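Listed in order, the protein sequences are those of chains A and B.
Residue numbering for the first sequence follows the working numbering, beginning at 9 and increasing consecutively.
Residue numbering for the second sequence follows the working numbering, beginning at 9 and increasing consecutively.
Number of protein chains: 2
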Amino acid sequence: MMLERIEAAAKRMAGHARLTSLLNAPLLDAAFGKRIFVKAECLQLTGSFKFRGAWSAVSALAKGTSGVLAYSSGNHGQGVALAAARHGLTCVIVMPSDAPEVKIANTRAYGAEVVLYDRATEDRDAIGARLCAERGLHLIKPFDDADVIAGQGTVGLEIAAQASDAGIEAAEVLVCCGGGGLSAGIATALAANAPNLRVRTCEPLGFDDMARSLASGTREKNPSAAGSICDAILTPQPGELTFPILQRHAGKGLSVSDDEAMRAMALAFTHLRIVLEPGGAVALAAALFRDTSPNVIATASGGNVDPMLFREALARFA
Amino acid sequence: MMLERIEAAAKRMAGHARLTSLLNAPLLDAAFGKRIFVKAECLQLTGSFKFRGAWSAVSALAKGTSGVLAYSSGNHGQGVALAAARHGLTCVIVMPSDAPEVKIANTRAYGAEVVLYDRATEDRDAIGARLCAERGLHLIKPFDDADVIAGQGTVGLEIAAQASDAGIEAAEVLVCCGGGGLSAGIATALAANAPNLRVRTCEPLGFDDMARSLASGTREKNPSAAGSICDAILTPQPGELTFPILQRHAGKGLSVSDDEAMRAMALAFTHLRIVLEPGGAVALAAALFRDTSPNVIATASGGNVDPMLFREALARFA
């Protein structure tokens, strides 16, 4: 069962991942006329919640596994790289050759071997499958993996405890949603530990595959793969494992515009003094501009943002 | 004794001030070849450690006190305003009429009455004294007050416990220093609870009154009152109460340039995803560019920064 898996992941993670703060700000509450809490996963190691799922999956591997492989130019790749390094395992991250230089450099700095491929002429999956077979590596998927979902679910265990400490009896829990790993993990943990806290997924407008899937009852696809600044959470469709969990536990999905995400980044800068990337600010944006409940908990899922984009958010909205 | 006062302040503060995270970042450590921990007081309520001293002082007032007064256009004023509001007390903040509009608005939003005066023609102390006498208000000084120092000292109690949890046996503890309230409080707490963690004060170059005073053994003054972007920690000379505490417990003082503070702001943005103001980044700057010890804990004392200045730090150094 997923709940037991989450609890087991929390045990393996203790002392290795950071218990992140649940922040709030009196002036933000006053400005929006509601109580707003922010689970600051941007303060997690590697700058996003992805380190939790990565740690959970890597630490669950059978003894004797020689290493891991992931496809990711972003937060998942960095999370897997650091988790593997801290377990003394080889780590290969397969990235497109046109990925930003800084992301390639950071992934290497976390100790991973980066294998580049040409998006136009090469097949990423074929390259990964060959490397896994040749070198005995274990593929770690970004969200459709039970141990990855379980790792993300530890955020939900912490939210349940922190909400109780803060005297929050009922609230909407808004979660930035790509493939649904974080949302599904949190929803499972809250259903068991804090049933008055209900998950709602938050996505960029035009990339609301999860919201539409929850509405229709079947896994819908996004019409396009790019076109929002919220790149960290643009996925083609809900996961096979994550979707049924969210069907069971989540409320109606929300979506926000790129400008709303940028405004949330600026407000988080001013009132919470945290750095958010656009995809990591989507839930806070939904809390501020879409949700109408009196108590809301927004996950701030990541803070790996291009400095130029952050400057633009401040110039326009701070 | 100050130590007992700190422990009492911690009890009064429990559930009211935030236990802030001790952050670190593997890539920052790798880039600088040392272990760097950051006590993120920018995540404290009102955006700086000043809320702790304010809460400590306000909560220690005799029953029947009708209200409090502070002189401050910055972090101390906001800390006192929120602490007073949460105690249901009247709060008057005396501010120069040319203070930035946003600071006046924020102080009012925390529930304080703002009394403006003309720097050129009016005497701030005379206005404050008259208001205190007429309205029975209690003056809360920014650092030369035993209960304020005790409140700031709770940061030291937390650092001692968090360093122990992180397996840090010995370290330099670098503290952003204006009048010395935070430094003196932390030094007292660490001397008792973690004697292998030694405080060193950090100041802007040219405003290193505490470093020079520690060297000479007498309270030295700064030659000028303005001229650094680190406005939050520009004070004319060490406090009467804070200086002897630091003479007993602190190592040699450090100082950093404005550009080093800006670089630290940019590195904290990239690696820790926190927002620092220049005066709040001075200790991290000293940790990165001045200190030579293998383990260092830097207090990030505040994050209330002008967005335009933050954008400049990113444009130049991120």
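Just so it is clear, CB atoms sit at the ideal spot from N, CA and C, and this is done for glycine as well.
What you are looking at is a predicted structure, and each value in this text was computed from that prediction instead of being measured.
Below 8 Å on the Cβ atoms is my contact criterion, and I expect residue i with residue j to pass it. Report the Cβ-Cβ distance as a whole number of Å.
| i | j | result |
| --- | --- | --- |
| L139/B | L77/B | 6 Å |
| T250/B | G189/B | 6 Å |
| Q160/B | F57/B | 6 Å |
| E211/A | I253/A | Their Cβ separation, rounded to whole angstroms, is 17 Å, which puts E211/A and I253/A out of contact at 8 Å. |
| F61/A | V183/A | The question names Phe, yet the displayed sequence has Gly at residue 61/A. With 8 Å as the limit, G61/A and V183/A do not qualify as a contact, their Cβ atoms being about 14 Å apart. |
| N321/B | A293/B | Strictly speaking, residue 321/B in this sequence is Ala, with Asn absent from that position. About 11 Å separates the two Cβ atoms, so there is no contact after all. |
| R116/A | V122/A | 6 Å |
| L51/B | L31/A | 6 Å |
| L262/B | R298/B | 5 Å |
| I282/A | T162/A | I282/A to T162/A, Cβ: 20 Å. No contact. |
| D153/B | A65/B | 6 Å |
| M103/A | G75/A | About 16 Å separates the two Cβ atoms, so there is no contact after all. |
| G235/A | G214/A | 7 Å |
Measuring straight from C-alpha to C-alpha, what distance separates residue i and residue j?
| i | j | result |
| --- | --- | --- |
| G144/A | T73/A | 7 Å |
| H146/A | R26/A | 25 Å |
| P302/A | R43/A | 6 Å |
| G23/B | F59/A | 29 Å |
| G119/A | G247/B | 48 Å |
| V5/A | A199/B | The structure shown has nothing for residue 5/A, since chain A only spans 9 to 326. |
| S172/B | P108/A | 38 Å |
| A223/A | A258/A | 11 Å |
| S80/A | I101/A | 7 Å |
| T300/A | H279/A | 20 Å |
| F318/A | V313/B | 15 Å |
| A48/B | L296/A | 25 Å |
| F277/A | E285/B | 11 Å |
| K149/B | A137/B | 13 Å |
| I237/A | V304/A | 24 Å |
| A308/A | K260/B | 40 Å |
| G287/B | G225/B | 25 Å |
| A327/B | A134/A | Residue 327/B lies beyond the stretch modelled for chain B, which goes from 9 to 326, so this question has no answer here. |
| E268/A | D239/A | 15 Å |
| T28/A | L36/B | 19 Å |
| T98/B | W63/B | 14 Å |
| D266/A | F151/B | 44 Å |
| A38/B | K71/A | 29 Å |
| F45/A | S232/B | 42 Å |
| G82/B | M270/B | 19 Å |
| L165/A | E12/A | 12 Å |
| A113/A | A178/B | 32 Å |
| A158/A | M21/B | 35 Å |
| T209/A | R94/B | 34 Å |
Could you check if residue i is buried or exposed, using at least 16 other CB atoms within 10 Å of its CB as the buried criterion?
| i | result |
| --- | --- |
| M316/A | exposed |
| G175/A | exposed |
| A306/B | buried |
| M218/A | buried |
| N204/B | exposed |
| K229/A | exposed |
| M10/A | buried |
| A141/A | exposed |
| S110/B | According to the sequence as given, residue 110/B is Val; it is not Ser. With fewer than 16 Cβ atoms within 10 Å of its Cβ, V110/B is classed as exposed. |
| E180/B | buried |
| S221/A | buried |
| D216/A | buried |
| G96/B | exposed |
| P34/B | buried |
| G41/A | exposed |
| A89/B | buried |
| A323/A | exposed |
| A195/A | buried |
| A326/B | buried |
Assuming contact is defined by CB atoms lying nearer than 9 Å, are residue i and residue j in contact in what I supplied?
| i | j | result |
| --- | --- | --- |
| I167/A | A192/A | no |
| T129/A | G87/A | no |
| S67/B | A18/B | no |
| Q245/A | R256/A | no |
| D131/B | S105/B | no |
| C185/A | V264/A | no |
Can you list, in chain order, the stretches of the alpha helix (DSSP H) that have 4 or more residues and sit fully within the stretch 203 to 285 of chain A? If we require 4 residues or more, the alpha helix (DSSP H) runs fully inside the stretch 203 to 285 of chain A come out as 217 to 224, 250 to 257, 266 to 275.
Any chance you could list the beta strand (DSSP E) runs of at least 3 consecutive residues sitting entirely within the stretch 139 to 193 of chain A, in chain order? Runs of the beta strand (DSSP E) lying entirely within the stretch 139 to 193 of chain A and spanning at least 3 residues, in chain order: 145 to 147, 179 to 184.
At a CB distance below 9 Å, what residues from the stretch 23 to 48 of chain B approach chain D? Give them in sequence order. The structure shown contains no chain D; its protein chains are A and B.
Please specify which runs of the alpha helix (DSSP H), each continuous and at least 4 residues long, are wholly inside the stretch 46 to 103 of chain A, giving them in chain order. Positions of the alpha helix (DSSP H) runs, each at least 4 residues long and wholly inside the stretch 46 to 103 of chain A, are given as 58 to 67, 83 to 94 in order along the chain.
Threshold first: 4 residues or longer. Then list the alpha helix (DSSP H) segments lying entirely within the stretch 105 to 133 of chain B, N to C. With a minimum length of 4 residues, the continuous alpha helix (DSSP H) runs that stay inside the stretch 105 to 133 of chain B are 109 to 117.
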